[in-house]
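In the working numbering, the protein residues as written are 1 to 251.
Data first, discussion second: the structure below is written as structure tokens.
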């Protein structure tokens with residue numbers, strides 16, 4: 001595809017082919033995993049029968065945290081406000097490692113399926129289980145799902161000119177079909193495919209972006225000349241402590 005096409009917001013036949021192949025691939029993997037998954041038990045539906053390899057499980061963990069909100073939302077925030085926004089994900093990396101090494105073994109040994117179930121088993125009482133379930137659902141809906149759906153809908157709206165609300169409903173329908181039909185097994189395998197696509201796409205995008213600005217050396221040079229973000233945050237009118245480029249930024 002030519003550079004003129006890459007810089008255009010118009011949808012070309014190459015774009016339509018890629019988008020169509022993406023949806024076909026995701027739906028095919030979701031249908032395949034739904035067909036082969038063991039859904040005749042609670043463990044089979046919610047825990048994929050505890051038989052998944054660590055590679056697709058890790059890929060699913062990655063895909064569950066990284067999505068359209070990062071490729072569109074965080075990158076836009078980074079472009080407008082600075083790379084400091086990346087600190088959110090860098091800190092989360094350590095939290096996930098602590099979760100995997102120290103907390104998950106405890107949950108697995110207890111034989112529970114969900115975190116609210118573990119709290120009820122650990123501390124007793126039904127109210128704490130209901131409270132955490134409702135709190136987790138509300139927080140996830142308003143801070144994660146809504147943002148990812150909106151970012152994904154923006155991409156669909158810009159690429160194929162589909163109405164924003166119809167785009168949201170399309171994303172919900174595609175995700176609901178294989179999630180409800182196949183349980184955790186379908187979720188893990190579709191996440192595995194999307195992880196590969198996101199990693200490949202991110203690398204291609206990074207190479208094209210650096211090439212577009214004239215290479216890495218030119219990127220470093222221009223970074224030192226960027227204007228200061230003078231947003232008022234309450235302690236410094238120019239917010240220089242956060243956004244000003246220091247003289248030793250390449251040291």
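All C-beta atoms in this analysis are idealised placements derived from N, C-alpha and C, irrespective of residue type, glycine included.
Length of the line joining the Cα atoms of residue i and residue j
i, j, result
"residue 122", "residue 104", "15 Å"
"residue 133", "residue 55", "28 Å"
"residue 115", "residue 194", "26 Å"
"residue 135", "residue 30", "29 Å"
"residue 44", "residue 183", "8 Å"
"residue 13", "residue 198", "21 Å"
"residue 51", "residue 27", "22 Å"
"residue 62", "residue 70", "12 Å"
"residue 214", "residue 221", "10 Å"
"residue 53", "residue 36", "15 Å"
"residue 144", "residue 99", "19 Å"
"residue 88", "residue 224", "23 Å"
Residues of its chain near residue i, where Cβ-Cβ distance is below 6 Å and the 5 sequence neighbours each way are ignored
i, result
"residue 153", "164, 167, 168"
Neighbourhood of residue i by C-beta distance below 8 Å, restricted to the same chain and skipping five residues each side
i, result
"residue 156", "162, 167, 170, 171"
"residue 32", "189"
"residue 177", "27, 30"
Best match in the options for proximity to residue i [C-alpha to C-alpha]
i, options, result
"residue 68", "224, 202, 126, 216", "202"
"residue 187", "59, 21, 220", "59"
"residue 17", "180, 159, 218", "159"
"residue 196", "107, 223, 66", "66"
CB contact below 8 Å: residue i versus chain B
i, result
"residue 172", "Absent from the structure: chain B. Only one protein chain is present."
Run of the alpha helix (DSSP H) containing residue i, from where it starts to where it stops
i, result
"residue 208", "164-212"
"residue 252", "This structure cannot speak to residue 252, because the chain is shown only from 1 to 251."
"residue 50", "Note, residue 50: premise wrong, no alpha helix (DSSP H); not H, not E."
"residue 112", "Premise fails: residue 112 is in no alpha helix (DSSP H) and is neither H nor E."
Cβ shell of residue i (< 7 Å), same chain only, five flanking positions each side left out
i, result
"residue 64", "191"
"residue 46", "113, 183, 184"
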